[in-house]
Amino acid sequence: MSCKPSQVVHGQWSNRLTYVLAATGAAVGLGNIWKFPYIMGENGGGAFVLVYLACIAIIGVPVMIAEVYLGKQGRQSPMRSVARVVQENKSAPAWRFVGAMGVIAGYLILSFYAVVAGWALAYVFKAAGGGFAGASPAYLQDTFELFVSSPVQLLSWTSIVLIVTVVVVAKGVQNGLEKATRFMMPGMLVLLLFIVGYSAVYGDFTAAFNFMFAADFDKLTTESVLTALGHSFFSLSLASGIMIMYGAYLPKNTSIIKSSIWIAIADTCVALLAGLAIFPIVFAFQLEPGAGPGLIFQTLPLAFGQMPGGRLLGSLFFIMLVFAAFTSAIALIESSVAWLIESKGFSRVQAAIAAGFGLWLLSLLSIFSFVGHDWTRLALFGTSHSLFEWIDSLTANVMLPLGGFFISLFVGWKVAADRLNGELNINTKQLTVLRVLLQFICPLIILLVFLNLIGVL
Numbered sequence: 284m285s286c287k288p289s290q291v292v293h294g295q296w297s298n299r300l301t302y303v304l305a306a307t308g309a310a311v312g313l314g315n316i317w318k319f320p321y322i323m324g325e326n327g328g329g330a331f332v333l334v335y336l337a338c339i340a341i342i343g344v345p346v347m348i349a350e351v352y353l354g355k356q357g358r359q360s361p362m363r364s365v366a367r368v369v370q371e372n373k374s375a376p377a378w379r380f381v382g383a384m385g386v387i388a389g390y391l392i393l394s395f396y397a398v399v400a401g402w403a404l405a406y407v408f409k410a411a412g413g414g415f416a417g418a419s420p421a422y423l424q425d426t427f428e429l430f431v432s433s434p435v436q437l438l439s440w441t442s443i444v445l446i447v448t449v450v451v452v453a454k455g456v457q458n459g460l461e462k463a464t465r466f467m468m469p470g471m472l473v474l475l476l477f478i479v480g481y482s483a484v485y486g487d488f489t490a491a492f493n494f495m496f497a498a499d500f501d502k503l504t505t506e507s508v509l510t511a512l513g514h515s516f517f518s519l520s521l522a523s524g525i526m527i528m529y530g531a532y533l534p535k536n537t538s539i540i541k542s543s544i545w546i547a548i549a550d551t552c553v554a555l556l557a558g559l560a561i562f563p564i565v566f567a568f569q570l571e572p573g574a575g576p577g578l579i580f581q582t583l584p585l586a587f588g589q590m591p592g593g594r595l596l597g598s599l600f601f602i603m604l605v606f607a608a609f610t611s612a613i614a615l616i617e618s619s620v621a622w623l624i625e626s627k628g629f630s631r632v633q634a635a636i637a638a639g640f641g642l643w644l645l646s647l648l649s650i651f652s653f654v655g656h657d658w659t660r661l662a663l664f665g666t667s668h669s670l671f672e673w674i675d676s677l678t679a680n681v682m683l684p685l686g687g688f689f690i691s692l693f694v695g696w697k698v699a700a701d702r703l704n705g706e707l708n709i710n711t712k713q714l715t716v717l718r719v720l721l722q723f724i725c726p727l728i729i730l731l732v733f734l735n736l737i738g739v740l
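Taking the numbering used here, I'd label the letters of the sequence shown as residues 284 to 740.
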């Protein structure tokens, strides 16, 4: 006899270490690997790191604790988990949409993230095939532009990414997500450490270290602080449904607070290691450190084509990127898969296929935006952007910060203190500090980030 949607039990992580690996893998994405080291170097290096770590402690960890609490209490998809906590605390039914916002945001993000992950997968084969050897900057730029302007190539690589994601998620929590995480996260870390070692030998490690860590407080501005605030929030994949969903699979006796702190530490360490892997090569070859995504797909391949063992290093680098992309992809799709199982009575395989097919259709908007089709351009509020740019802006600048804002307010104000502490098991002083952060500090800071992102500040 099939169970009713409300009775679905999705599974649990085997232990806390697996959960920390999975959540860290979800948080570490393509953006972290190139963006964090760069904004760090441009905003005062070590001075920026201090501000960033303070932001992680003040915003990132408290909001993550709130999200994981919601998931662990509800034991269902983000929407249903939040709805259950709303009902338990006799709050207004409208609060349940806090969970829905995260699921929708995560789904939209994955629709274009899968396309960019496809780039990384394609470049594994370009690197392994010797495509960068002796190549000129113009050749590599043309190669990239031809690649992203080809709908057939983009669709093919995106489809592979989504198919692998669907296959993993269809296998369930322990046989799918957990096994993939246990393989990909250690694999990514080993590759990252190898590249750091290689960069230290063949790159300009001193210049990279100074760029990233020399504390220049003169470079710290109001904009720098807002950048640190924003990145501390986004780097942990908050308000995207991931942490609520992964919290739903948390073993009963696992500490939410300790796990959240470890995830924040691991995520930051990986971002710093990524900088130490990339920037010694960048400075050794006098490349542009602020090239954004172009740093990965145009600038670094130039160095790989010129340095000793560059063919192997380039291949390993893009394999590392693929691992980072897949651990994020399986996390982003899981919430929608769980919701389909609960609300529609689908089997896990059916739900994974349905969610994957929906993402494949949505990815066409981004694919044809990169190709440059006119129908993908949309003029709103006096500006014209591609659909990819609109989706990116809507999720990153609006949905995620607003989702975090309302999660903070809900857990801070609407969840009874005794219920919250019944799960967290902390002393009165610690509980008071956490609630004050969620009630006042986090919402205010997230609001400032939001206003900065939409151009008000």
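Ideal placement from N, C-alpha and C gives every residue a C-beta, glycine not left out.
On the premise that Phe427 lies in contact with Gln569, defined as a C-beta separation below 8 Å, what is that separation, rounded to the nearest angstrom?
20 Å between Cβ atoms; not a contact.
Just to confirm the assignment: which complete alpha helix (DSSP H) runs, minimum length 4, are found wholly within the stretch 708-736?
The DSSP assignment places complete alpha helix (DSSP H) segments of no fewer than 4 residues inside the stretch 708-736 at 711-719 and 725-736, in order along the chain.
State the start and end residues of the unbroken alpha helix (DSSP H) segment that holds Val611.
In the sequence as presented, Val is not what sits at residue 611; that position holds Ser. Its alpha helix (DSSP H) spans residues Gly593 to Lys627.
Apart from the five residues just before and just after Asn704, which ones in its own chain have a Cβ nearer than 7 Å to its Cβ?
Leu714
Quick check: what's the CA-CA separation for Pro576 versus Ile561?
13 Å
Look at the Cβ atom of Trp622, then the Cβ atom of Val386, and state whether they are nearer than 8 Å.
Yes, the pair counts as a contact, with Cβ atoms nearer than the cut-off.
Using a 10 Å radius around the Cβ and a threshold of 16 neighbouring Cβ atoms, would you call Lys287 buried or exposed?
Note that Lys287 scores a pLDDT of 40, beneath 50, so its modelled location is shaky and nothing firm can be said.
Between the alpha carbons of Ile539 and Lys697, how many angstroms are there, rounded?
19 Å
What ranges does the alpha helix (DSSP H) occupy inside the stretch 449-533, keeping only unbroken runs of at least 4 residues that lie completely in it?
462-485, 488-496, 505-517 and 525-531
Looking at the secondary structure, which residues open and close the beta strand (DSSP E) in which Ser691 lies?
DSSP places Ser691 outside any beta strand (DSSP E); the residue lies instead in the alpha helix (DSSP H), whose first and last residues are Leu683 to Leu692.
Taking C-alpha atoms, which residue in Gly314, Phe319, Lys318 and Ile342 lies nearest to Leu720?
Ile342
Sort out for me which residues DSSP pairs Thr666 with in a bridge.
Leu663
Taking 8 Å as the threshold (C-beta atoms), are Ala305 and Tyr529 in contact?
Taking 8 Å as the Cβ cut-off, Tyr529 and Ala305 qualify as a contacting pair.
Does the distance from the CB of Ile650 to the CB of Leu437 come in under 8 Å?
yes
Do Val368 and Gln356 have their beta-carbon atoms positioned less than 8 Å apart in this structure?
yes
Is the beta carbon of Ile322 sitting closer than 8 Å to the one on Val452?
Between Ile322 and Val452, the C-beta gap is not smaller than 8 Å, which leaves the two residues out of contact.
Check each candidate in Ile728, Gly738, Lys712 and Phe693 and name the one with the smallest Cα separation from Gln370.
Nearest of Ile728, Gly738, Lys712 and Phe693 to Gln370, Cα basis: Phe693.
Spatial neighbours of Ile316 within its chain, please: CB distance less than 7 Å, with the 5 preceding and 5 following residues excluded, ordered by chain position.
Ala557, Leu604 and Ala607
Whether or not the stretch 595-602 and the stretch 410-424 are in contact is what I'm after, with contact meaning three or more pairs of Cβ atoms, one per stretch, closer than 8 Å; do they touch?
yes
Note the first and the last residue of the continuous alpha helix (DSSP H) segment covering Met256.
With the chain running from 284 to 740 in the structure shown, residue 256 is simply not present.
Does the stretch 337-354 come close enough to the stretch 480-498 to have 3 or more Cβ pairs within less than 8 Å?
no
Mind checking which residues open and close the alpha helix (DSSP H) that includes Leu677?
Looking at the DSSP string, Leu677 is not in any alpha helix (DSSP H), and its letter there is neither H nor E.
Let's see if you can read the secondary structure: which residues bound the alpha helix (DSSP H) around Asp425?
Pro420 to Val431
Could you check whether Leu683 and Phe517 sit closer than 8 Å to each other, using their CB atoms as the reference points?
yes
Tell me whether Ser285 is buried or exposed, calling it buried when 16 or more other Cβ atoms sit within 10 Å of its Cβ.
Confidence at Ser285 is low in this model, with a pLDDT of 39, below 50, so the placement of that residue should be treated as unreliable; the coordinate-derived value is given next. Ser285 is exposed by the Cβ-count criterion.
Determine the direct distance from the alpha carbon of Phe500 to that of Ala349, and round the result to whole angstroms.
33 Å
Rounded to whole angstroms, what is the Cα-Cα separation between Phe477 and Ile674?
Near 35 Å, if we compare the C-alpha coordinates of Ile674 and Phe477.
If I follow the unbroken alpha helix (DSSP H) through Ala557, where does it start and stop?
Run containing Ala557: Ile539 to Ala567, per the alpha helix (DSSP H) assignment.
Provide the residue span of the alpha helix (DSSP H) that contains Phe319, from first to last.
Leu313 to Glu325
Just to confirm, are Phe566 and Asp487 a CB contact at a threshold of 8 Å?
yes
For Arg367, name the three-state secondary structure that DSSP assigns.
helix
For Ala405 versus Phe430, is the C-beta distance shorter than 8 Å?
yes
Less than 8 Å between the C-beta atoms of Val398 and Ser646, yes or no?
yes
Are Ala337 and Ala498 closer than 8 Å when you measure CB to CB?
no
Could you tell me if Trp440 is buried or exposed, where buried requires 16 or more neighbouring beta carbons within 10 angstroms of its beta carbon?
With 16 or more other Cβ atoms within 10 Å, it is buried.
Under a Cβ-count criterion, where at least 16 other Cβ atoms within 10 Å of its own Cβ denotes burial, should Pro534 be classed as buried or exposed?
exposed
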